[in-house]
Amino acid sequence: MTIEMQMMQVRAPAKINLSLKILGRRADGFHEIETLIVPVSLCDEIKIDNSSCSFTGVTSSPRPLQIALD
């Protein structure tokens, strides 16, 4: 099955960390944290559309988003 992607645009809202405490490392390599955040009215606009490269997809898992670049 082939799916042609149209342009996608999303907003990534900003936030400010008022407090960030690193509690320790988990077995999966990530850290447990305790944080106090507040949203602000700023945001980034992210636009994605087709381009002329050989990359054919984006994968996501419980790990951070990984995008392969040629």
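Residue numbers (the numbering used here): 1221 to 1290.
Using N, Cα and C, we set each Cβ at its ideal position, and we do this for glycine too.
Where residue i falls: helix, strand or coil (DSSP)
i: glycine 1244; result: strand
i: methionine 1228; result: strand
i: aspartate 1269; result: coil
Residue i versus residue j - alpha carbon distance
i: alanine 1232; j: leucine 1262; result: 9 Å
i: phenylalanine 1250; j: aspartate 1269; result: 31 Å
Cut-off 7 Å between Cβ atoms - residues of its own chain near residue i, not counting five sequence neighbours on either side
i: glutamate 1265; result: Gln1229, Arg1231
i: lysine 1267; result: Met1227, Gln1229
i: proline 1259; result: Pro1233, Lys1235
Pair within 8 Å by beta-carbon distance, residue i and residue j
i: leucine 1243; j: isoleucine 1257; result: no
Paired residues, beta bridge with residue i - DSSP
i: serine 1239; result: Leu1256
Own chain partners of residue i with C-beta closer than 8 Å, once the 5 adjacent residues on each side are dropped
i: serine 1253; result: According to the sequence provided, residue 1253 is isoleucine. The question's serine does not apply to it. The residues are Leu1240, Lys1241, Ile1242, Leu1243.
i: arginine 1246; result: Glu1252
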